Structures are given as C-alpha cells and as structure tokens.
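First residue of the sequence shown: 2, per the numbering used here; consecutive thereafter. Even for Gly, the Cβ is constructed at its ideal location relative to N, Cα and C. On a predicted model such as this, the values are computed, not experimentally measured, just so you know. Remarks on the structure that follows.
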Amino acid sequence: MKIMIQEQECGYLLKNGCFQKILLAGKYTYFKKLGYEVITVSMTGQVKTSGIPTEVLMKCPDFASRVIKVQIPDTSIAIRFVNGAYREVLTAAETYFWNVFEANEFQVIDITSPYMENSLPRMYMDLMPVKFYKKITVKEGEIGLLYFDNRMEKRLEAGTYYFWNYGTEVTCRVFNMKLQQLEISGQEILTADKVGVRLNVICNYRITEPEELAKKIDSVSSQLYTCAQLIIREYVGRYRLDELLAQKEAISGLILESMRAHQKELCVEVVNGGIKDMILPGEIRDIMNTVLVAEKKAQANVIMRREEVASTRSLLNTAKLMEENQTLFRLKELEYVERICDKVGNISLNGGNSILEQLSKLTGAKTDFA
Numbered sequence: 002m003k004i005m006i007q008e009q010e011c012g013y014l015l016k017n018g019c020f021q022k023i024l025l026a027g028k029y030t031y032f033k034k035l036g037y038e039v040i041t042v043s044m045t046g047q048v049k050t051s052g053i054p055t056e057v058l059m060k061c062p063d064f065a066s067r068v069i070k071v072q073i074p075d076t077s078i079a080i081r082f083v084n085g086a087y088r089e090v091l092t093a094a095e096t097y098f099w100n101v102f103e104a105n106e107f108q109v110i111d112i113t114s115p116y117m118e119n120s121l122p123r124m125y126m127d128l129m130p131v132k133f134y135k136k137i138t139v140k141e142g143e144i145g146l147l148y149f150d151n152r153m154e155k156r157l158e159a160g161t162y163y164f165w166n167y168g169t170e171v172t173c174r175v176f177n178m179k180l181q182q183l184e185i186s187g188q189e190i191l192t193a194d195k196v197g198v199r200l201n202v203i204c205n206y207r208i209t210e211p212e213e214l215a216k217k218i219d220s221v222s223s224q225l226y227t228c229a230q231l232i233i234r235e236y237v238g239r240y241r242l243d244e245l246l247a248q249k250e251a252i253s254g255l256i257l258e259s260m261r262a263h264q265k266e267l268c269v270e271v272v273n274g275g276i277k278d279m280i281l282p283g284e285i286r287d288i289m290n291t292v293l294v295a296e297k298k299a300q301a302n303v304i305m306r307r308e309e310v311a312s313t314r315s316l317l318n319t320a321k322l323m324e325e326n327q328t329l330f331r332l333k334e335l336e337y338v339e340r341i342c343d344k345v346g347n348i349s350l351n352g353g354n355s356i357l358e359q360l361s362k363l364t365g366a367k368t369d370f371a
C-alpha cells in the first residue's frame, strides 16, 4: 500500500487498530496484510482524531508539538483568532486546533457578569451566539427599565445595549415617553331627556413615571380608556340633548379636568382632550334638519319683508320730493322717456297733455307708433 501525504496534511499510522505515530508530508509504503492502516487528515482548523482518543495522540511528540489545546470553564466562552483575525466563538469545554499553518490565539471571556461591554469589545458583540446574550434597543423618545432576574436594575436611555444572558435572566420593559393619542370611539350614551347619542372622544397624554407605572399598571392605555369612559358617561348623562349641543366645548373642558384628576395615579400627564364628534340618531337628525330649514326660511322671509319696507319707504320719499320740486318731477319724466325709448322704435306725442299722461296712455300700444 503506497501512501502520498501532501504538505498541509498528516497521517495517523495504525497497526492492528492501535495508533503508532503520525506521518508528515512524503511517500510511504505499508502492507495491509501486516495490519497497517493510514488515516490522512488536514493540519488546519480543529483537529480531527478519526476516532483515536486525544490522550493517545498527545503522547506522540510530533502530534503534541503541532497542536494547541484550549480549555473553557463553564462560566466562560472563548473567541478564536486566526492570524490575528476573528474566526469563531468557542463554547466546548475542551478543543484542539492545529497550530502549523495557522497562528491560533484565544481570548477567554467570563460571562457571569451581565454587563457585556465590561468584558468584550463592541465590535465582537454581534458575533456572539444569540443564546448567550440579549440585545436591547431603546429608541429616541423611549425609556427602558432593565431587570435582572425580574428585579429592576436601572433605567436605560436611548441607545443599544448588550447583556450576557448566562446565569442571570435579563429582561427590559420599554416605555414610549412621547405624546400619545388615545381615541375613545362609539360611546353610546343616553342624555337626560332619554336621547341616545354616540360620542367620539380624544385624549392626548404622555407617561411621566415609568418606574411607578411598571409597579402598578400593566397597560396604561387600557386604564386610561376605562377612566375616560366612566367620566364621559357621568357628565354627558346629566344634560339634555339641546344643552349637550349648546355646551359641547364646556363639557369637553369638564371631561378634561376630571381626567387630569386621575393622571397621578395612572402615572401620566393628560395634555388635552375632549369631544371630537357627536353622532345623533337618524330620526333626531331629520327633525333637527327640518327645524333648521324652517328657521332659515323664517329668517329669509324677515329679510324680504325688511327689504320691501325699505323699498316702499324709498318710493314714498321720492314722491314727496317730486311733489315739492317741479324740476325733479321733470327730470323723472325725462328718465321715463329714456326708458321707453330703449324699448320702442318711434313715438308720436300731441301737445294737449303732459308727457307722462300721454305716455301712460301708450302702455297697451304697439311698439311702432304712427
């Protein structure tokens, strides 16, 4: 049996199943009939023992001088660097690597302390196995509450944080500290005169004390929604429909003040709020539309009568002036003549009567006068 071993390889020589030595690059001849066997492996990366116990291989000086052993405690992991560059993360308790064509270096990192930045450079954090760490992102305008084993540790401002998740359970609750909007839609409420109306109410709020909120309330939006519902029903039910329509803004102010009275216990600040929409039943809308049309018609009639009175008064004043001033009377005659001339072709007048008297007789005449 002829064996050719390449430069980057080595061979495990076995006789009758027992390891004898390693063979380096070169040509070899062994007889299978005598029980010899050669297993060829690459001398890069992790050592492949091909079923031979590592303790047996390590007794061979040629093998032991060409490998490096890394041992990792249960409380640590290791980063493997090859020729000065990051290669992989190791978690196995004991591993062997060839150290012939590659220069292996190992950095053992204790992961019992949750604060990852204290033990590992930032550039390697995202390269770690996900099961060993927890990444927490707090966006601008948010606050994070950090917990170790369900006990609050500290507040986190906006940023990205990494924590070892080994031995200590790391969790975080993130709260939005920006102005938020809560809409309470479709609230069916009976007024004091038993008319069912549907209200849409809007409320703007922001969280002020996230630590207290985390202790007392699971969902602040649900609590605020329920609080607003009860306040709306309490206030709106006191008013008749016409009062509700007339005092919509005032009632919105009362609702807002009542909600602000509860903001401390809810750990929020109620910035503003009020009734957004008021939807009436169909028959009530029809009645109100009828009333509105009647009111507008009455207003139009009043305006028409007022204009008629003003016009009559103007005619009366004109008549008085014409009676007192003959020159004005003559001018009025000429004005009538001018208007008639715009409508007819020829007009024949006699000298017996005044122009106005003769023109009045022409009212029913044809357009062309002979």
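Put simply, of Ala295, Lys33, Ser43 and Lys297 the residue whose alpha carbon is nearest the alpha carbon of Ile23 is Ser43. Looking at the DSSP output, Val101 shares a beta bridge with no other residue. Contact holds between the segment 72 to 89 and the segment 98 to 111, because three or more Cβ pairs, one in each stretch, are under 8 angstroms apart. At least 8 angstroms separates the beta-carbon of Asn201 from that of Leu180.
Thr92 places its beta carbon 8 angstroms or farther from that of Val71.
When the five nearest sequence neighbours on each side are left out, the beta carbons in the same chain lying within less than 8 angstroms of the beta carbon of Cys268 are those of Ile208, Thr209, Glu210, Pro211, Glu213, Leu214, Lys217, Ile218 and Val221, in order along the chain.
If you check the CB distance, Ile280 and Ile256 do not come in under 8 angstroms.
Note that the segment 7 to 16 touches the segment 32 to 39; at least 3 beta-carbon pairs, one per stretch, sit closer than 8 angstroms. Distances from the alpha-carbon of Phe164 to those of Tyr125, Arg331, Lys277 and Lys60 put Tyr125 closest.
In the DSSP assignment, Cys19 forms a beta bridge with Lys16.
Between Ile137 and Gln188, the alpha-carbon positions lie close to 39 angstroms from each other.
The beta carbon of Met178 sits closer than 7 angstroms to those of Gly142, Glu143, Ile144, Arg207 and Ile208, all from its chain and outside the five residues before and after it, given in chain order. Taken through DSSP and simplified to helix, strand or coil, Arg306 comes out as helix. Secondary-structure assignment with DSSP links Met323 through no beta bridge to anything. With a threshold of 16 other beta carbon atoms within 10 Å, Phe64 meets it and is buried. Looking at Gly52, Ile252 and Cys61, the one whose alpha-carbon comes closest to that of Val237 is Ile252.
In this structure, the straight-line span from the alpha carbon of Leu225 to that of Ile203 is close to 11 angstroms. Bridge pairing for Gln72: Glu95 [DSSP]. Gln300 and Arg239 have their C-alpha atoms roughly 33 angstroms apart. Its chain contains Thr169 and Glu170 as the residues whose beta carbon lies nearer than 7 angstroms to that of Asp150, once the 5 sequence neighbours on both sides are disregarded; these appear in chain order. Beta-bridge pairing by DSSP links Thr41 to Gly12.
According to DSSP, Ile190 shares a beta bridge with Val198. Ala26 and Ala94 have their C-alpha atoms roughly 31 angstroms apart. The Cβ-Cβ distance between Ala159 and Val139 falls below 8 angstroms. Arg241 is positioned such that its CB atom lies no closer than 8 angstroms to that of Ala320. For Lys140, the three-state secondary structure derived from DSSP is coil.
Per DSSP, the continuous alpha helix (DSSP H) segment holding Lys249 begins and ends at Lys249 to Arg261.
Bounds of the alpha helix (DSSP H) holding Ala215 are Pro211 to Lys217. A direct Cα-to-Cα measurement between Leu191 and Asp278 gives close to 16 angstroms.
Partner residues in the beta bridge of Thr161, as assigned by DSSP, are Thr138.
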